[in-house]
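J.:
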Amino acid sequence: MFKTLASILFVVSLSSIAMAQDPIKVDANHYKVEFENAQVRVLRIKVGAGEKSIMHRHPNAVAIFLTDLNGKFSFPNGTSQDVNSKAGEARWTPPITHLSENVGTQPMELILVELKGRPTKRPAKRSNHGSHRTH
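Here the working numbering is used: position 109 in the sequence shown is 167, and no number is missing along the way.
(1) Out of G136, V120, E94 and K130, which has the shortest C-alpha to C-alpha gap to G146?
(2) Looking at the unbroken alpha helix (DSSP H) that takes in I82, where does it start and where does it end?
(3) Run the CB neighbour count on S158, radius 10 Å, all protein chains shown included, and call it buried at 16 or more, exposed below.
(4) Apply the 10 Å Cβ neighbour rule to V105 and answer buried if 16 or more other Cβ atoms are within range, or exposed otherwise.
(5) Could you tell me the alpha carbon to alpha carbon distance between L63 and K144, rounded to whole angstroms?
(6) Answer yes if the segment 120-135 comes into contact with the segment 84-94, meaning at least three C-beta pairs across the two stretches below 8 Å, and no otherwise.
(7) From L173 to N160, what does the alpha carbon distance come to, in whole angstroms?
(8) Please go through the same chain and pick out, in chain order, the residues whose beta-carbon is closer than 6 Å to the beta-carbon of H156, but skip the five residues on each side of it.
(9) If we ignore side chains and look at the alpha-carbon of each, how far apart do E167 and I82 end up?
(10) When the distance is taken between beta carbons, is D85 closer than 8 Å to H116?
(11) On the CB-based measure, 16 or more other CB atoms within 10 Å of its CB, does G136 come out buried or exposed?
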C-alpha cells in the first residue's frame, strides 16, 4: 500500500513539473498580456526587488529588457542559474521551464515576445522573370 501511494505521489509531482503552468495563469501579479494573436503573445513582466515568480514555462521567445536585471532562474531539476542583463538589451530565449527571482535591489521590467509556432505560409510570389510563352 505504501509503495503504491509513494509511486502515485512521485508520478503526480513529476507530471506537475513536466506540465509547468502558463505564467499568466499561475502568476498574474508579475505577468500581463499586452498583445496576442495566432503567431505571438507579448508579455509585460514586472518583478519587484527580492520577489519570486512561480514555476512556469515559456516557448521560444525574444526578451527585451526595459530595466537592468539581476536575477536567478531555478529549474525543475533543482539547479539554478544567475541571469544578468542591461536595460535596452534584447535576447533570444529558447523554450524554458523555470522559477524566476529578482535578486537585485531594484524592480525589473521586461517585454517577452513568445512565439506560438510556425508562421502561416504566404502564397509564393509569381516572378516576372524566366521563360515566357509567345503565341
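Using N, Cα and C, we set each Cβ at its ideal position, and we do this for glycine too. Model, not experiment: these values are computed from the prediction.
T.: In terms of the structure at hand:
(1) Among G136, V120, E94 and K130, the Cα nearest to that of G146 is on V120.
(2) P81 to V84
(3) buried
(4) buried
(5) Caution is warranted here: a pLDDT of 40 is assigned to L63, below 50, making its placement in the model unreliable, and the coordinate value is therefore given only provisionally. Each residue's Cα considered, the two are about 48 Å apart.
(6) Look at the beta carbons and you see the segment 84-94 not touching the segment 120-135: under three pairs across the two are nearer than 8 Å.
(7) 24 Å
(8) F131 and F133
(9) 15 Å
(10) No.
(11) exposed
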